[in-house]
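Numbering (my numbering), first residue to last: 30 to 279.
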């Protein structure tokens, strides 16, 4: 069932997040003021969008299936401090825990002089990627802080930082091939746990975004409806679980 693979959108989301954060701050000053302003804006954006859908989810469960609420954590759900779906009223919000982590990490790098930003992300990628490639696995909070999902975010940062170099090259066909190869690898991977999806769907997500940027550079614009869908993607992502639940229980 293709619906079972909907979670792949999260990998695209993480890569896109890294790209957008670098691209949107490329002309902003670094330092304490720049880092704190970035963090304030991003945290406000994530919670203003999230809290209404969290409330909707809790209300629908309380009305139709209150037993599901047992064992959930109000604090962890409200402040997005768990990646365990079993703790959360809105299970998909585990990805927002990582998004908050990315915000704090990015704000920390903005404290550095601009010339050190990209090297700091390359070092971060090495700190996460080398143990991951060697088979090291973590438990507890290190499992979040050093998660392979961080590599997807770093990939988005590197993609944005190097875009002026690669976007002018005629590599569209290469991006398509890479995307298809790694999507296929992800589809056939048994169980496709997180440590597999990062180097299958994660790489495919990087190729997909690079392809879109290359086509845009060549003057290929997306349609109005696609643009509107992109602008509303955060709300669509958060509402789809409560909406599906209401559809089958109305």
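Ideal placement from N, C-alpha and C gives every residue a C-beta, glycine not left out.
Backbone CA spacing between residue 109 and residue 271 [nearest angstrom]: For residue 109 and residue 271, the distance between alpha carbons rounds to 18 Å.
Can you tell me where the alpha helix (DSSP H) with residue 105 in it begins and where it stops? Counting along the chain, the alpha helix (DSSP H) containing residue 105 begins and ends at 103-108.
Can the beta-carbon of residue 238 be found closer than 9 Å to that of residue 45? Cβ atoms of residue 238 and residue 45: closer than 9 Å.
Three-pair Cβ contact test at 8 Å for the region 61-71 versus the region 196-207: No contact exists between the region 61-71 and the region 196-207.
Assess contact between the region 163-172 and the region 185-198, defined as three or more Cβ pairs (one per stretch) separated by less than 8 Å. Is contact present? Here the region 163-172 does not lie against the region 185-198, with fewer than 3 beta-carbon pairs under 8 Å apart.
If I follow the unbroken alpha helix (DSSP H) through residue 172, where does it start and stop? 171-174 is the extent of the alpha helix (DSSP H) around residue 172.
Could you check the C-alpha separation between residue 70 and residue 41 for me, to the nearest Å? Answer to the nearest angstrom: the Cα atoms are 22 Å apart.
Residue burial classification, residue 92 (beta-carbon count within 10 angstroms, cutoff 16): By the neighbour-count rule (16 or more Cβ atoms within 10 Å), residue 92 is not buried but exposed.
Proximity to residue 161 [Cα-Cα], best of 180, 147 and 150: Nearest of 180, 147 and 150 to residue 161, Cα basis: 180.
Residue 235 and residue 184 closer than 9 Å at C-beta: With respect to the 9 Å criterion, residue 235 and residue 184 are classified as neighbours on the basis of their beta carbons.
Once you ignore the five residues that flank residue 207 on each side, which residues in its own chain have a CB closer than 6 Å to its CB? Around residue 207: 236.
Quick test of your reading: residue 266 and residue 121, contact by CB under 8 Å. State the CB separation rounded to the nearest angstrom. Beta-carbon to beta-carbon, residue 266 and residue 121 are separated by about 7 Å, close enough to satisfy the 8 Å threshold.
Give the straight-line distance between the Cα atoms of residue 178 and residue 227, rounded to the nearest whole angstrom. Distance from the CA of residue 178 to the CA of residue 227, rounded to the nearest whole angstrom, comes to 7 Å.
Quick check on the DSSP output: what are the complete beta strand (DSSP E) runs of length 3 or more inside the region 34-102, in order along the chain? None, since the region 34-102 contains no complete beta strand (DSSP E) of that length.
Do you know how far the Cα of residue 75 is from the Cα of residue 125? Computed Cα separation, rounded: 8 Å.
Are the CB atoms of residue 117 and residue 106 within a distance shorter than 9 Å? Contact flag set, yes.
Using the C-alpha atoms, what's the distance from residue 261 back to residue 25? Outside the displayed range of the chain (30 to 279) lies residue 25, so it cannot be described from this structure.
Which runs of the alpha helix (DSSP H) at least 4 residues long sit entirely within the region 150-209? Give them in chain order. DSSP runs (the alpha helix (DSSP H)) wholly in the region 150-209: 171-174, 178-190 and 192-195.
Taking 6 Å as the limit between beta carbons, can you name the residues of its chain near residue 230, skipping five residues before and five after? Taken in chain order, the residues that qualify are 37, 40 and 215.
Is the beta carbon of residue 130 sitting closer than 9 Å to the one on residue 268? Not a contact, by the Cβ cut-off of 9 Å.
Distance, Cα to Cα, residue 143 vs residue 62? Roughly 14 Å separates the two Cα atoms.
When we look at the beta-carbon of residue 233 and count the other beta-carbons within 10 Å, is it buried (16 or more) or exposed? Buried.
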